[in-house]
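Chemist: Structure incoming, see below.
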Amino acid sequence: MKAIIGLLMLITITFRGIAQGVDTAMLLAATYFRQADSASSRNFMWKHPLYGPMLLVDPHSRTTYANMPDSAGAFTFITEGLYKGTLPQEVMVANTSINWQGRLWAIILWPLPVDMEERLSLMLHESFHRIQHKLGFPALSPTIDHLATTNGRIYFLLELQALKAALAKPLDQRKKDLVNALLFRKKRQELFPSTFDNERLLEINEGLAEYTGMLLGRLPGNIRQHLYNEIDKADTRLSLIRSMAYITGPVYGYLLYEKSPGWTQSVDSNSSFPALIKKYYKVAVPEQTTTSVLAKLEKQYKGDSIIHAEKMKEKNRRQQEDIYTRLFTHQPVLVINLVKMNIVFNPNNLFDLGELGTVYPTAEINDVWGKLKLVDGGMLMKDWKVITLPAMDSLHAKDSIVQGNGWQLQLNKGWRIEKMDSLQSALIRKE
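If you use my numbering, the sequence shown corresponds to residues 5 to 435, in order.
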């Protein structure tokens, strides 16, 4: 007994000694890595291991915790599965995956969420992005412009309510609600044929990632309520044009999981959630649906309140549209061509300006010409090829730094700003 007590005292003293020499962040990072490794060990969805190279990065100090060494030896070994170092300034940091030093890493911004389920969902979401190229899923992230329209949002929210109704029922009683959900989606396809497939592309990218994080990162008993909450919050999102798949991916994915847990094994880059629902639930969607029939269906899924709320929002949206249109077409701007861009942005606040492009209220971009940090005012992007920034009448670089209203541009050597006309300046290479 004395020997056991002595051993326990030794272990306690040893642990305290280690803790005193290791900062709290290190201990947290080690814990986070262990939890992610444990959660990903339950991965039966994908043919490649989910847990792999991962960086936890403080975006301000660039202090980084890694779960394995980097090839250049920049990170210091702390203990098994934990390394610490400083990430170079030229490496873009965001919740994403990157190719750095010849290796694909998942990056998570520090500090991570305090809630364990939120934290694991995020870590495993980004871990999916790290392996998705091996799985054959392209990293396509188009904006779904029709979800900025009144009808686009209405039929999307109706689809979600029908899916929520299906989730709340036993497996053998879901067909009616699933068919109705697909009818609302089909209506969007009829209204917006040119942009509709962007929904599928985004769901294959972000939707599968979010589903992976949810299924492995959350306790099974909490998943259904989590999905209900996400559906009910959808109408409060500032924008759906880049965030819809974060909702539909987990919802459709979980409906399929409850019917056939291994459904992901047969998914490829051409898959779609409607086709998968039809396959596994053996449902058929009518080729044609009359307006009167659709109107009756709407009332089953909070249609009156959804339609009223979205029409009220449209007035505010049009006011903001006018403000942005004047800003980028009738006032001085700086135009920058994108060459080899890396971008960090918030998918929840994008604003569609139709033919003009998409407004990003905040963003960070690295490119061959330098680094742009946008914190206010908005940036207009067109086809991922060119960006337009609100500018003053004259822009000048001081120590390679250009300051604008709400943005800062750090120029690389060999680039300058040239005035093109009374309203437009451009970033060009020095000859």
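Glycine included, C-beta positions come from ideal geometry on N, C-alpha and C. As the structure is a prediction and not an experimental result, all values here were calculated from the model.
#1: Just list the alpha helix (DSSP H) runs in the region 252-291, keeping only unbroken ones of 4 residues or longer that don't cross its boundaries, in chain order.
#2: Starting from the C-beta of I112, find all residues in its chain whose C-beta is less than 8 angstroms away, skip the five residues before and the five after it, and write them out in chain order.
#3: By the 10 Å Cβ neighbour count, where 16 or more other Cβ atoms means buried, how is F196 classified, buried or exposed?
#4: If we call anything under 7 angstroms between Cβ atoms a contact, is L144 one with N209?
#5: Can you tell me whether DSSP reads G25 as helix, strand or coil?
#6: Under 7 angstroms, do W373 and L431 count as touching if we go by C-beta distance?
#7: Quick one: residues in its chain with C-beta nearer than 7 angstroms to the C-beta of S404, no 5 flanking neighbours on either side, listed in chain order?
#8: Kindly list the residues whose CB is nearer than 6 angstroms to the CB of M218, restricted to its own chain and excluding five residues on each side of it in sequence; keep chain order.
#9: Our contact map puts V369 next to I347 with C-beta atoms below 8 angstroms; I'd like the distance itself, whole angstroms only.
#10: Quick one: using the 10 Å Cβ neighbour count with 16 as the cut-off for buried, is T216 buried or exposed?
#11: Considering only the alpha carbon of each residue, which of Q269, G410, R178 lies closest to M49?
#12: How should G183 be labelled, buried or exposed, when 16 other C-beta atoms within 10 angstroms of its C-beta is the threshold for buried?
#13: Is the beta carbon of D2 less than 7 angstroms from the beta carbon of I245?
#14: With H, G and I counted as helix, E and B as strand and the rest as coil, what does DSSP make of D444?
#15: Pick helix, strand or coil for L431, following the three-state DSSP scheme.
#16: Give the DSSP bridge partners of W109, in chain order.
#17: Let's see if you can read the secondary structure: which residues bound the alpha helix (DSSP H) around E302?
#18: Specify the secondary structure class of A70 as computed by DSSP and reduced to three states.
Modeler: On the basis of the coordinates in this document:
#1: If we require 4 residues or more, the alpha helix (DSSP H) runs fully inside the region 252-291 come out as 277-285.
#2: Once the five neighbours on either side are set aside, the close Cβ partners of I112 are M58, L59, L60, V61, N99, L126, M127, E130.
#3: By the 10 Å Cβ count, F196 comes out buried.
#4: A contact, by the Cβ cut-off of 7 angstroms.
#5: Bear in mind that a pLDDT of 46 at G25, under 50, signals an unreliable position, so the model cannot answer this.
#6: Yes, the Cβ-Cβ distance between W373 and L431 is below 7 angstroms.
#7: Cβ within range, chain order: Q414, L415.
#8: Within the same chain, M218 has close Cβ partners S125, P254.
#9: In the sequence under discussion, the amino acid at residue 369 is Ile, which differs from the Val named in the question. The C-beta separation of I369 from I347 comes to about 5 angstroms, placing the pair in contact by the 8 angstroms criterion.
#10: Counting Cβ neighbours within 10 Å, T216 comes out buried, since at least 16 surround it.
#11: Residue Q269 is the option with its Cα nearest to M49.
#12: According to the sequence provided, residue 183 is Val. The question's Gly does not apply to it. With 16 or more neighbouring CB atoms inside 10 Å of its own CB, V183 falls in the buried class.
#13: In the structure as shown, the chain begins at 5 and stops at 435. Residue 2 is therefore absent and cannot be evaluated.
#14: Nothing can be reported for residue 444: it is not among the residues displayed for the chain, which extend from 5 to 435.
#15: In this structure, L431 counts as strand in the three-state DSSP scheme.
#16: Looking at the DSSP assignment, W109 forms a beta bridge with I102.
#17: Going by DSSP, E302 is part of the alpha helix (DSSP H) stretching over 295-304.
#18: Annotated three-state conformation of A70 is strand, per DSSP.
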